[in-house]
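First to last, the protein sequences are chains A and B.
My numbering numbers the first residue of the first sequence as 1 and each following residue consecutively.
My numbering numbers the first residue of the second sequence as 1 and each following residue consecutively.
The structure under discussion appears below in the form of structure tokens.
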Amino acid sequence: MISFDIQLDRPGFSLDVAGTFEGGITAVFGPSGAGKTTLLNCIAGSIRPDSGHVKVDGRTLYSSHEPSWIAPDRRRIGTVYQDGALFPHLDVRRNIEFGWRLIPQSSRKLAPIEIAEFLGLEKHLSRLPAELSGGERQRVAIARALAISPNLLLLDEPLASLDAARRGSILNYLKRVHAEYEIPMVYVSHSISEVAAIASKAMLLRDGRVVGFDRPTSLLLRAASSQSGTVDGQGEYQERFDNILPGVVGESTRHLTAINMACVEIFATRQNRIPGDNVVVSLGANQIILAVSEPRDISARNVIRGTVLEIWSSEGRVFLEVDTGQKLIVELTESALDDLRIEVGTDVFLVFKSSSVDIFDA
Amino acid sequence: MNSEISIIALSLQTAAVATAVTLPMGMLIAWLLVRRDFRGKFVLDVFVSLPLALPPVVVGYMLLWIVGGNSWFGEVSESLFGSTIAFTWLAAALAAAVVSLPLVVRSFAAALAAVDPRLESAARGLGAGPFRTFLTVTLPLAYRGVIAGALLGFIRAFSEFGATIVVAGNIPGRTQTIPSAIFTRISSGDTEAAWRLALVSVVIGIAALAAHNWLLRRSNASSILFSRPGGRDQ
Numbered sequence: 001m002i003s004f005d006i007q008l009d010r011p012g013f014s015l016d017v018a019g020t021f022e023g024g025i026t027a028v029f030g031p032s033g034a035g036k037t038t039l040l041n042c043i044a045g046s047i048r049p050d051s052g053h054v055k056v057d058g059r060t061l062y063s064s065h066e067p068s069w070i071a072p073d074r075r076r077i078g079t080v081y082q083d084g085a086l087f088p089h090l091d092v093r094r095n096i097e098f099g100w101r102l103i104p105q106s107s108r109k110l111a112p113i114e115i116a117e118f119l120g121l122e123k124h125l126s127r128l129p130a131e132l133s134g135g136e137r138q139r140v141a142i143a144r145a146l147a148i149s150p151n152l153l154l155l156d157e158p159l160a161s162l163d164a165a166r167r168g169s170i171l172n173y174l175k176r177v178h179a180e181y182e183i184p185m186v187y188v189s190h191s192i193s194e195v196a197a198i199a200s201k202a203m204l205l206r207d208g209r210v211v212g213f214d215r216p217t218s219l220l221l222r223a224a225s226s227q228s229g230t231v232d233g234q235g236e237y238q239e240r241f242d243n244i245l246p247g248v249v250g251e252s253t254r255h256l257t258a259i260n261m262a263c264v265e266i267f268a269t270r271q272n273r274i275p276g277d278n279v280v281v282s283l284g285a286n287q288i289i290l291a292v293s294e295p296r297d298i299s300a301r302n303v304i305r306g307t308v309l310e311i312w313s314s315e316g317r318v319f320l321e322v323d324t325g326q327k328l329i330v331e332l333t334e335s336a337l338d339d340l341r342i343e344v345g346t347d348v349f350l351v352f353k354s355s356s357v358d359i360f361d362a
Numbered sequence: 001m002n003s004e005i006s007i008i009a010l011s012l013q014t015a016a017v018a019t020a021v022t023l024p025m026g027m028l029i030a031w032l033l034v035r036r037d038f039r040g041k042f043v044l045d046v047f048v049s050l051p052l053a054l055p056p057v058v059v060g061y062m063l064l065w066i067v068g069g070n071s072w073f074g075e076v077s078e079s080l081f082g083s084t085i086a087f088t089w090l091a092a093a094l095a096a097a098v099v100s101l102p103l104v105v106r107s108f109a110a111a112l113a114a115v116d117p118r119l120e121s122a123a124r125g126l127g128a129g130p131f132r133t134f135l136t137v138t139l140p141l142a143y144r145g146v147i148a149g150a151l152l153g154f155i156r157a158f159s160e161f162g163a164t165i166v167v168a169g170n171i172p173g174r175t176q177t178i179p180s181a182i183f184t185r186i187s188s189g190d191t192e193a194a195w196r197l198a199l200v201s202v203v204i205g206i207a208a209l210a211a212h213n214w215l216l217r218r219s220n221a222s223s224i225l226f227s228r229p230g231g232r233d234q
């Protein structure tokens with residue numbers, strides 16, 4: 001468990017945030033400049049706040065009242081940076097072993113070679129970071145952080161410097177790492193889609209203040225309104241929400257490939273993939289059409305029955321969470337919602353084209 | 001000829017001792033200037049750079065006042081060694097160190113600034129203390145620039161004249177370095193000897209600068225002598 005109460009004043013920027021993160025994966029998100037990375041640095045100890053406290057599992061890492069300060073090298077908190085921040089002069093093995101060598105033998109719970117195998121790096125151990133792909137670099141960064149048997153794993157935009165095809169893969173690795181090693185994680189991102197795909201709870205920051213702390217999907221609207229019109233660090237508008245979900249490749253016909261997700265089968269345009277392959281599915285919330293009665297004779301290849309679980313609406317924008325066996329987020333306009341008289345509990349049909357479904361490597 | 005070899009040897013010795021002093025000091029000061037925020041940073045920067053802006057004669061005169069018998073430092077060294085270090089080869093080394101320190105600090109600062117500070121944060125987070133982080137991450141990534149800076153400092157110390165002659169004098173066999181020996185040869189009209197020693201200076205200078213530039217071209221730090229517009233490449 002992490003609890004923090006941090007005040008920090010810098011020219012042109014101030015951070016004043018407090019919160020408690022239970023175990024599991026907690027996300028911190030918001031537009032760039034909101035203070036996400038600064039918060040992470042305060043927890044890691046590379047920035048010392050002006051006042052407040054930081055506690056991890058009951059251990060006080062910083063407190064202005066007592067006062068106390070634990071240097072970052074004594075915190076045992078693993079950090080994964082945006083582009084990995086691997087040591088360029090050390091090969092993969094030395095990168096992974098860097099922190100492992102520095103912790104007492106009795107604290108070494110995970111062997112570097114096991115971690116490397118778990119992350120599929122055993123073939124790259126003698127390579128230098130410059131010889132790796134972006135996805136491989138990020139896996140080394142995760143392995144390096146895991147090797148210190150951390151009490152906590154901090155992830156600072158770990159997908160931001162990767163292309164879409166690799167993001168799903170790293171997300172999947174992170175989920176597997178969490179399932180396997182049960183290390184609490186704090187996941188920083190500017191992308192609500194990413195956050196919803198991995199975190200159970202999310203803290204929304206804006207201008208150095210907490211504006212929400214809830215399930216990621218419950219923060220959708222506020223995230224959308226806090227980001228619409230602002231350009232993030234990557235230069236894209238962050239208005240759109242993508243459902244990012246794990247799936248397994250099923251049978252293919254001439255034009256379509258079935259993807260099995262928990263309790264639902266959907267169709268994507270034909271993929272050159274072997275049945276049984278794990279994939280990551282991405283489906284834009286605004287690509288889904290909602291119907292209250294079952295549509296027939298329709299060109300869209302996907303028609304899925306579900307129940308509305310929750311509705312968030314404001315300023316003309318509406319997000320619905322629909323349980324189809326797999327929870328999906330659907331974006332509508334407010335007038336559509338009014339016309340269809342949809343409320344929580346309404347049975348609906350989700351309709352989308354096979355070409356709206358993007359499939360990535362898991 | 002023998003006396004010229006001993007002059008060259010003394011010059012090398014003086015410059016080597018000066019470099020041995022400026023290396024750790026320059027590294028510490030450069031690290032403070034690049035990586036730390038503290039009160040008085042500006043003052044430290046100006047103070048260290050001052051010898052660049054002053055005529056070397058003035059630096060030598062100040063040093064003479066500091067090491068001479070009337071100052072606190074002079075009194076201590078006099079009671080310890082029986083005399084002050086003024087007009088010894090140690091004074092020549094001191095003068096050379098002070099005059100070359102700004103160049104060393106600037107070169108080291110450029111080399112350190114080229115190292116991504118997140119790599120240092122990463123090392124700290126992985127359990128390395130500040131000193132280990134410096135030795136295992138910062139230095140290996142900056143070493144070309146550091147060696148280049150040390151070479152630059154060495155060659156500046158080697159060619160030091162103005163401050164040296166004031167604080168160490170020009171005593172043949174004791175404090176006479178190549179530049180002061182050339183000065184003496186020119187004054188006495190022994191142009192052949194002056195040219196010989198000048199040639200030695202030129203050869204050593206070219207060798208050191210060539211090595212310096214070669215190292216810098218292979219490192220991330222930009223040369224302070226031949227820096228590209230806009231500084232560091234991004």
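By construction, the Cβ of each residue, glycine as well, lies at the ideal position given by its N, Cα and C atoms.
**Prompt:** Looking at the C-beta of G125/B, does it have a partner C-beta in chain A at a distance below 8 Å?
**Reply:** At least one chain A Cβ lies under 8 Å of G125/B.
**Request:** Could you check what DSSP says for K175/A in three-state terms: helix, strand or coil?
**Result:** Reduced to three states, the DSSP call for K175/A is helix.
**Item:** Buried or exposed by the 16-neighbour rule on C-beta atoms within 10 Å, applied to C263/A
**Value:** With fewer than 16 other CB atoms across the displayed protein chains lying within 10 angstroms of its CB, C263/A is exposed.
**Message:** I want to verify the contact list: residues of chain A whose CB lies under 7 Å from the CB of L119/B, in sequence order.
**Reply:** Those within 7 Å of L119/B in chain A are A85 and F87.
**Prompt:** In the DSSP assignment, what are the bridge partners of H53/A?
**Reply:** According to the DSSP secondary-structure assignment, H53/A is paired through a beta bridge with D5/A and S63/A.
**Asked** Which of helix, strand or coil does DSSP assign to I198/A?
**Response** In this structure, I198/A counts as helix in the three-state DSSP scheme.
**Message:** Quick test of the definition: if touching needs 3 or more C-beta pairs under 8 Å, does the region 65 to 78 of chain B touch the region 138 to 152 of chain B?
**Reply:** In short, these stretches do not touch, since the Cβ pair count stays below three.
**Item:** Interface partners of V137/B on chain A, CB under 7 Å
**Value:** Neighbours of V137/B on chain A, chain order: F87.
**Item:** 9 Å Cβ cut-off: residues of chain A touching A235/B
**Value:** With chain B covering only 1 through 234, there is no way to say anything about residue 235/B.
**Item:** CA-to-CA distance, E315/A to E334/A, given in whole angstroms
**Value:** When rounded, the distance between both Cα atoms is 8 Å.
**Request:** Would you tell me roughly how many angstroms separate the C-alpha atoms of R215/A and S293/A, rounded to the nearest one?
**Result:** Computed Cα separation, rounded: 30 Å.
**Request:** Take T19/B and list the residues in its own chain whose beta-carbon comes closer than 7 Å to its own, dropping the five residues that flank it on each side.
**Result:** Within its own chain, the residues whose Cβ lies closer than 7 Å to the Cβ of T19/B, once the five positions on either side in sequence are excluded, are A150, G153, F154 and A157, listed in chain order.
**Item:** Residues bridged to P246/A [DSSP beta-bridge criterion]
**Value:** In DSSP, P246/A forms a bridge with V280/A.
**Request:** Report the rounded CA-to-CA distance for Q105/A versus E97/A, giving the unit in angstroms.
**Result:** Looking at the two C-alpha atoms, the distance is approximately 13 Å.
**Request:** State buried or exposed for M27/B, treating a residue as buried only when at least 16 other CB atoms are found within 10 Å of its CB.
**Result:** M27/B should be labelled buried.
**Message:** Which of the three DSSP states is assigned to D16/A in this structure?
**Reply:** Three-state DSSP puts D16/A in a strand.
**Counterpart residues of K123/A in DSSP-defined beta bridges** = By DSSP's assignment, K123/A forms no beta bridge with any residue.
**Message:** In the DSSP output, what is V186/A paired with across the bridge?
**Reply:** According to DSSP, V186/A bridges with T26/A and L154/A.
**Prompt:** Taking Cβ positions, are S3/A and T20/A nearer each other than 8 Å?
**Reply:** The answer is yes: Cβ separation under 8 Å.
**Message:** Taking a contact to mean a Cβ-Cβ separation below 8 Å, would you say G348/A touches V318/A in this structure?
**Reply:** Inspection of the sequence shows that residue 348/A is occupied by Val rather than by Gly. Going by C-beta atoms, V348/A is not nearer than 8 Å to V318/A.
**Asked** When the cut-off is 8 Å and only beta carbons count, does T60/A lie next to chain B?
**Response** At a cut-off of 8 Å between beta-carbon atoms, T60/A makes no contact with chain B.
**Prompt:** Buried or exposed: S228/A, going by 16 or more other Cβ atoms within 10 Å of its Cβ?
**Reply:** With a pLDDT of 43 at S228/A, under the threshold of 50, the modelled position of this residue cannot be trusted, and the question is left open.
**Asked** Hey, out of L44/B, V58/B and T84/B, whose CA is closest to F161/B's CA?
**Response** Ranking the options by Cα distance to F161/B, first place goes to V58/B.
**Item:** Residue-level contact to chain A via CB, A148/B, 8 Å cutoff
**Value:** No, A148/B does not count as interfacial toward chain A.
**Message:** Can you give me the C-alpha to C-alpha distance between A18/A and R101/A, rounded to a whole angstrom?
**Reply:** Between the alpha carbons of A18/A and R101/A lies a distance of about 34 Å.
**Request:** Using a threshold of 8 Å, state whether the C-beta atoms of L8/A and P49/A are closer than that.
**Result:** Yes, the pair counts as a contact, with Cβ atoms nearer than the cut-off.
**Message:** So, at 8 Å on beta carbons, what are the nonlocal neighbours of P150/A in its own chain, with the 5 sequence-adjacent residues on each side left out?
**Reply:** So the list reads R76, I77, G78 and I183, once near-sequence residues are dropped.
**Prompt:** Could you give the uninterrupted runs of the alpha helix (DSSP H) lying entirely in the region 83 to 158 of chain B, keeping only those of 4 residues or more?
**Reply:** Runs of the alpha helix (DSSP H) spanning 4 or more residues and lying entirely within the region 83 to 158 of chain B occur at 89 to 113, 117 to 125, 130 to 133 and 139 to 158, in chain order.
**Prompt:** With burial defined as no fewer than 16 other Cβ atoms inside 10 Å of the residue's Cβ, what is the status of I274/A: buried or exposed?
**Reply:** Exposed is the label assigned to I274/A, since fewer than 16 other Cβ atoms lie within 10 Å of its Cβ.
**Prompt:** Can the beta-carbon of M203/A be found less than 8 Å from the beta-carbon of L153/A?
**Reply:** Not a contact, by the Cβ cut-off of 8 Å.
**Asked** Would a C-beta distance cut-off of 8 Å place P88/A and A130/A closer than the cut-off?
**Response** Taking 8 Å as the Cβ cut-off, P88/A and A130/A qualify as a contacting pair.
**Item:** Within-8 Å CB hit, A235/B to chain A
**Value:** Outside the shown range of chain B, which is 1 to 234, sits residue 235/B, and nothing can be said about it.
**Prompt:** Any idea what DSSP makes of A111/A, helix, strand or coil?
**Reply:** Here A111/A carries a coil assignment [DSSP, helix/strand/coil].
**Message:** Between which residues of its own chain and V166/B is the CB-CB distance below 7 Å, once the five residues before and five after are set aside?
**Reply:** Excluding positions up to five away in sequence, the list reads V57, G60, Y61 and L64.
**Prompt:** Which chain B residues are close to Y187/A, counting only those with a beta carbon under 9 Å from its beta carbon?
**Reply:** Residues of chain B passing the Cβ test: none, with the nearest at roughly 16 Å.
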